[in-house]
Amino acid sequence: MWSVAWHGICDAVGIRVSPQALTACLDHAAIPLDNNATERALRGVAVGRKNHYGSRSERGTQVAALCYSLLESAKLAGVEPAAYLAAATRPAIATPGTVTLPRELVAASAA
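Taking numbering that gives the first Met the number 0, I'd label the letters of the sequence shown as residues 0 to 110.
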């Protein structure tokens with residue numbers, strides 16, 4: 000099934016992929032055939048990067064990455080991002096170093 004040329008290309012590029020990994024979606028219906036959900040989630044990051052291109056500091060880039068990570072985590076947890084920021088900011092200002100994760104808000108609202 001896998002040709003010698005395919006293995007040569009993989010070796011040249013440095014990819015280590017087993018044939019089972021590439022065909023896993025055929026055996027398990029829960030694995031999507033495409034990557035659209037991930038690409039849609041990253042679209043906001045790409046547009047934001049274009050809008051504020053060149054933050055000119057490594058710290059600014061780290062802060063942007065942290066914000067994107069927290070907001071996308073909130074979306075995945077089913078928490079409104081604006082509500083998450085409001086709920087997470089208050090304790091962080093009152094007690095520096097306090098971190099509120101989106102899953103903690105979901106657990107608190109379920110209790």
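Virtual Cβ for every residue (Gly too), placed ideally from N, Cα, C.
Between the options, which has its C-alpha nearest residue i's C-alpha?
i: V105; options: I92, Y83 and P90; result: Y83
i: L75; options: A40, T22 and A45; result: A40
i: A109; options: P95, I30 and V78; result: V78
Quick check on the burial criterion: 16 or more other C-beta atoms within 10 angstroms. Buried or exposed for residue i?
i: P101; result: buried
i: A73; result: buried
I think residue i touches residue j, with their Cβ atoms under 8 Å apart; what is that distance to the nearest whole Å?
i: A87; j: T99; result: 4 Å
i: Y67; j: V44; result: 5 Å
i: A23; j: I30; result: 6 Å
i: I80; j: L65; result: The sequence shown places Pro at residue 80, not Ile. P80 to L65, Cβ: 14 Å. No contact.
- Jot down the residue ranges of each uninterrupted alpha helix (DSSP H) in the region 32-72, minimum 4 residues, whole runs only, in chain order. Note on the region 32-72: whole alpha helix (DSSP H) runs with a minimum of 4 residues are 35-50, in chain order.
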